[in-house]
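Residue numbers (the working numbering), protein chains in the order written: chain A, 19 to 301; chain B, 19 to 301.
Everything below concerns the one structure shown next.
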């Protein structure tokens, strides 16, 4: 199998792929953005692809949510993975912590290490990178004493060393990733051996979204059937302020009779309902 | 009045402040992050402060939502502003468009001009900045032929020129900003002369959030009273995946009897409900 992931090499998504039960014997193919990764899976350029969708501290990953909801109508979610997220302070060999002048990372990672930076590296200039793995590459190529915040696994990839591990302010951070596939049948390897609970994700938006009680009517389709909504995310419909689409995750499988009934009842309130997929829930 | 804003000089927030009816005679004070801006208003270091909360394409501004909900218990929302967002391509005088090698901007702005970049500047390296105004400053200081994507107003501030205006892929983009104040009384200048509609914002989270139907029960407090919910945003409660808080905006004022009744009914479902403020709705 060819499995795409949000690259470059050494990202947390790469680490989640390598830790997954689908990695064995598979070829891992990096893509530059969440959007390109999802579109590669949708088109069949790879058999499936892994992208982050939600972090326990930072919330939803908008590029993933918007690509799924707006730009990849054939894409399906076929699985999910959870990965504990821990940041390391990374520099070229020989750069001492006290000498560091600049800290490079993705703005989310800089935010997650704000207290560490204030306490240990006060006053150092923060420089934004498009990804934590990219930050490590930048630091590896710099001639000045710069440091990156990123996955410890990325240090060795770029000839750097880890100065400190676990520098995030809040420990216990977790990211949820989803496996996306195209309209074909490669669900099988993802569904196989799944003895536990299932989850379904769908996206909806409605003509009545400026009417009092519209959203309650929509969510009532699940509540009245005792179906547990585990997540709801609103995203702009990109038709101007005030119009949103909703991405929901709930327990159960689209073919379960009560779930199918809820989806039909929801559709009566909506302009569009699209099931993104049913998949085995990660433990 | 001293009015804080998300800086540096030349940001869209700065432009929204200058365009507002509160700007006249006020001293504008920049802060580095959404969080610092809100905390300065909460502490009274400035009388009120302006921060972005929502963009029509990119959605909620997480740093603003999370600071309000988690880190600034005394802060209140006292007003809102809307500003049309348009991006310009900006470079040092004498740099021709064809010579541009690198394009610097905030990742959101790079994303909003993706098609323009692919069509007009294909293959140029994209470099992330922490803010669009910061991108313009970087380009002004560079010796290579770099360009920034940012507010046209920021070009002159840094001795740069506008090569193209309106380069965003989707026109009609709008950002909503909120005025935040501390617990004191400087509501008056914001409420004065407001003849139109009011809006209220609040944040809630609940003990029963893993029970089917819990969210429907919460939102039903508004629906059953005919109160129109205009926005709902879920954010992590930062207690691990699966627990969220909800920020909602609805029509009406907290002291209206039906709104007060809805808030009391909501509180019966929740661990915490906090009214962030009632304020005149922007036209």
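No residue lacks a Cβ here, since even glycine has one placed at the ideal position from N, Cα and C.
Inset, instruction - Pick out whichever of 142(A), 131(A), 178(A), 144(A) has its Cα sitting closest to the Cα of residue 154(A). - result: 178(A)
Legend entry - residue 161(B) classed as buried or exposed, judged by whether at least 16 other C-beta atoms fall within 10 angstroms: exposed
Legend entry - Nearest-angstrom beta carbon gap, residue 105(B) and residue 186(B) [assumed within contact, 8 angstroms]: 5 angstroms
Legend entry - Complete runs of the beta strand (DSSP E) confined to the segment 173-254 of chain B [at least 3 residues]: 179-183, 192-199, 216-223, 247-254
Legend entry - Amino acids of chain B, ordered along the chain, whose beta-carbon sits closer than 9 angstroms to that of residue 148(A): 125, 128, 144, 145, 146
Inset, instruction - Measuring only between beta-carbons, confirm whether residue 296(B) sits less than 8 angstroms from chain A. - result: no
Inset, instruction - Could you tell me whether the Cβ atoms of residue 233(A) and residue 250(B) are closer together than 8 angstroms? - result: yes
Legend entry - CA-to-CA distance, residue 69(B) to residue 80(B), given in whole angstroms: 11 angstroms
Inset, instruction - Within its chain, find whatever has a CB closer than 8 angstroms to the CB of residue 135(A); leave out the 5 residues flanking it on each side and keep chain order. - result: The residues are 121, 128, 142, 144.
Inset, instruction - Determine which residues share a DSSP beta bridge with residue 69(A) and list them. - result: 196(A)
Legend entry - Within chain B, partners of residue 103(A) - CB distance below 8 angstroms: Result: empty, since nearest Cβ-Cβ is about 11 angstroms, beyond 8 angstroms.
Inset, instruction - Please look up how many angstroms separate the CB atoms of residue 180(A) and residue 170(A), rounded, as I've assumed it's under 8 angstroms. - result: 5 angstroms
Legend entry - Of the listed residues 218(A), 59(A), 260(A), nearest to residue 224(A) (C-alpha basis): Out of 218(A), 59(A), 260(A), 260(A) has the C-alpha closest to the C-alpha of residue 224(A).
Legend entry - Coil, strand or helix - residue 123(A) by DSSP: Under the three-state reduction of DSSP output, residue 123(A) falls in the strand class.
Legend entry - Segment limits, beta strand (DSSP E) that includes residue 146(A): 143-146
Legend entry - contact_flag[the segment 60-74 of chain B, the segment 284-293 of chain A] where n(CB pairs < 8 angstroms) is 3 or more: no
Inset, instruction - Step through the CB atoms of chain A and report whether any lies within less than 8 angstroms of the CB of residue 302(B). - result: This structure does not reach residue 302(B), given that chain B is present from 19 up to 301, and the question cannot be answered.
Inset, instruction - Using the Cα positions of residue 190(B) and residue 74(B), report the straight-line distance between them to the nearest angstrom. - result: 9 angstroms
Inset, instruction - Give the residues of chain B in contact with residue 253(A), contact being defined as C-beta atoms less than 8 angstroms apart. - result: 77, listed in chain order.
Legend entry - Residue range of the unbroken beta strand (DSSP E) whose run includes residue 167(B): 164-168
Legend entry - Boundaries (first-last residue) of the alpha helix (DSSP H) holding residue 133(B): 132-138
Legend entry - Secondary structure of residue 42(A), DSSP reduced to three states: Reduced to three states, the DSSP call for residue 42(A) is coil.
Legend entry - Cutoff 8 angstroms: residue 259(A) Cβ touching any chain B Cβ: For residue 259(A), the answer is yes, since a Cβ of chain B falls inside 8 angstroms of its Cβ.
Inset, instruction - State the CB to CB distance for the pair residue 245(B) and residue 277(B), rounded to an integer number of angstroms; the pair is presumed to be in contact (CB under 8 angstroms). - result: 6 angstroms
Legend entry - Beta carbon of residue 215(B) nearer than 8 angstroms to that of residue 269(B): Taking 8 angstroms as the Cβ cut-off, residue 215(B) and residue 269(B) qualify as a contacting pair.
Inset, instruction - Just confirm the distance between the C-beta atoms of residue 23(A) and residue 46(A), as a whole number of angstroms; I'd bet it's less than 8 angstroms. - result: 6 angstroms
Inset, instruction - Verify the CB distance criterion: does residue 141(B) have a CB-CB separation below 8 angstroms to chain A? - result: no
Inset, instruction - Go to residue 298(A), then tell me how far its beta strand (DSSP E) extends in each direction, as first and last residue. - result: Note, residue 298(A): beta strand (DSSP E), 290-298.
Legend entry - Segment limits, beta strand (DSSP E) that includes residue 56(B): Premise fails: residue 56(B) lies in the alpha helix (DSSP H), 52-61, not in any beta strand (DSSP E).
Legend entry - Test: residue 157(A) CB closer than 8 angstroms to a CB of chain B: no
Inset, instruction - Return the Cβ separation of residue 44(B) and residue 25(B) in integer angstroms, given the expectation that the two are a contact with Cβ distance under 8 angstroms. - result: So it is not a contact: roughly 15 angstroms between Cβ atoms.
Legend entry - Buried versus exposed, by CB contacts within 10 Å (16 or more), residue 241(A): Residue burial annotation: residue 241(A) is buried, with at least 16 other C-beta atoms found within 10 angstroms of its C-beta.
Legend entry - Contact set between the segment 222-235 of chain B and chain A, restricted to residues whose Cβ is under 9 angstroms from the partner: 228, 229, 230, 231, 232, 233, 234, 235
Inset, instruction - Indicate the three-state DSSP secondary structure (helix, strand or coil) for residue 28(B) in the structure shown. - result: Residue 28(B): coil per DSSP, three-state reduction.
Inset, instruction - Kindly say whether residue 88(B), judged by its beta-carbon, lies nearer than 8 angstroms to any beta-carbon of chain A. - result: no
Inset, instruction - Kindly say whether residue 244(A), judged by its beta-carbon, lies nearer than 8 angstroms to any beta-carbon of chain B. - result: yes
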